[in-house]
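If you're matching positions, the sequence shown starts at 362 in the working numbering and goes up one per residue.
Glycine included, each C-beta is placed from N, C-alpha and C at the ideal position.
Treat the numbers as computed from the prediction; the structure is a model and nothing was measured.
Have a look at the structure below before the remarks.
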Amino acid sequence: ADFFYMPVYVSCYIYPVWRFAPTPDYAPDCPMRVLSAHRMLYHAVMWVQKHPWWQRSGGKDHIWMLPHDEGACWVPEIIRPSILLTHYGYTGNEQESAYGHDNWKFNCSGPGFPQGTSTDIGQYPCFDPSKDILVPQFKQDPLDRTGGGLAPGDCLQETRKRNTLAFFAGRIVGGEAGAEDTRYSRGVRKKLHQLFADKPGFVISSGKMGSYS
């Protein structure tokens, strides 16, 4: 094979599994999303390293999918040579998230990794455009899951007049316990809200909304 895809779905572990998993005694104050997913990837690498296909290139022809918040910012250093698929094209490595559970610069240590997670992560850009690939997020239409999706040719027919150019519903600024923190989304959501919230064709809400089709 030319490439090897690693089916390790840490985004599924981050949500919803981690919310229902107990916090380990050795890490009561650690950001669990980072710690749990980091260790999951680390153990996957320890397994695949035993095979000659990883060894022949040092993992450069292996592909990992990382479609969750903060993308590949916190992955173990050992998989950095691989091709990382992520929606997060941030080429820096500064931790500026307003969400504490995503703080990958917090050094957590425990049995089997006394050096700590931040040491394992190292100092690397979250996204390396020379090898990594940006992929768009995808929200599946519930109709597709019930067999009621679009029939062939429907996309070519204008079923109704639409007047909304762009729609967004979600947190604009935020932080722990609802405190306002403009670092959320690195300020992008706040800036878009300031520029377009009152413009024709834009629907921007700071909370959940009903149907937006």
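### Message
Taking only three categories from DSSP, how would you classify residue 391?
### Response
Looking at residue 391 - three-state DSSP - the assignment turns out to be coil, as it is neither helix nor strand.
### Query
Shortest alpha-carbon distance to residue 398 belongs to which of 410, 422, 492, 433?
With respect to the C-alpha of residue 398, the residue from 410, 422, 492, 433 having the closest C-alpha is 433.
#### Entry: Extent of the continuous alpha helix (DSSP H) to which residue 482 belongs
Its alpha helix (DSSP H) spans residues 478-482.
### Query
With C-beta atoms as the reference, is residue 486 less than 8 Å away from residue 454?
Less than 8 Å separates the beta-carbon of residue 486 from that of residue 454.
### Task
Evaluate residue 539 with the Cβ neighbour count: other Cβ atoms within 10 Å of its Cβ, from every protein chain shown; 16 or more gives buried, anything less gives exposed.
Caution applies to residue 539, whose pLDDT of 47 falls short of 50 and renders its modelled position unreliable; the model cannot decide the point.
### Message
For residue 439 and residue 467, what's the separation of their Cα atoms in angstroms?
### Response
For residue 439 and residue 467, the distance between alpha carbons rounds to 19 Å.
### Message
Here's a check: name, in chain order, each residue in its chain whose Cβ is nearer than 7 Å to the Cβ of residue 558, leaving out the five neighbours to either side.
### Response
Excluding positions up to five away in sequence, the list reads 565.
### Message
Restricting to Cα atoms, I'd like to know which of 469, 494, 490 is closest to residue 354.
### Response
The requested residue 354 does not occur in the structure, where the chain is confined to residues 362 to 574.
### Query
Can you give the Cα-Cα distance for residue 386 and residue 392, rounded to whole angstroms?
Here the alpha carbons of residue 392 and residue 386 stand approximately 13 Å from one another.
### Query
So, are the CB atoms of residue 425 and residue 496 less than 8 Å apart?
With a cutoff of 8 Å on beta-carbon distance, residue 425 and residue 496 are scored as not near each other.
### Message
Taking the straight line between their C-alpha atoms, what separation do you get for residue 529 and residue 488?
### Response
A direct Cα-to-Cα measurement between residue 529 and residue 488 gives close to 25 Å.
### residue 394 versus residue 452 - alpha carbon distance
Straight-line Cα distance between these residues: approximately 21 Å.
### Task
Could you name the residues that DSSP lists as bridge partners for residue 445?
425.
### Task
Could you spell out where the beta strand (DSSP E) holding residue 564 opens and where it closes?
Here the beta strand (DSSP E) through residue 564 covers 563-566.
### Query
Short check: CB of residue 367 to CB of residue 423, under 8 Å?
Judged by their CB atoms, residue 367 and residue 423 are nearer to each other than the 8 Å cut-off.
### Message
Pull the bridge partners of residue 367 from the DSSP assignment, please.
### Response
Its beta-bridge partners are 425.
### Query
Which residue or residues does DSSP assign as beta-bridge partners of residue 494?
Per DSSP, 446.
### Query
Given residue 494, which residues of its chain have a CB within under 6 Å of its CB, disregarding the five upstream and five downstream residues?
If the five residues before and after residue 494 are omitted, its C-beta is found closer than 6 Å to the C-beta atoms of 446, all from its own chain and listed in chain order.
### Query
Comparing alpha-carbon positions, which option in 471, 457, 479, 420 lies nearest residue 436?
Nearest C-alpha to residue 436: 479.
### Query
Is DSSP giving residue 539 helix, strand or coil here?
Here the model assigns residue 539 a pLDDT of 47, short of 50, so the residue's position is not dependable and the matter cannot be decided.
### Message
Whole angstroms are fine: how far does the CA of residue 531 sit from the CA of residue 414?
### Response
Answer to the nearest angstrom: the Cα atoms are 43 Å apart.
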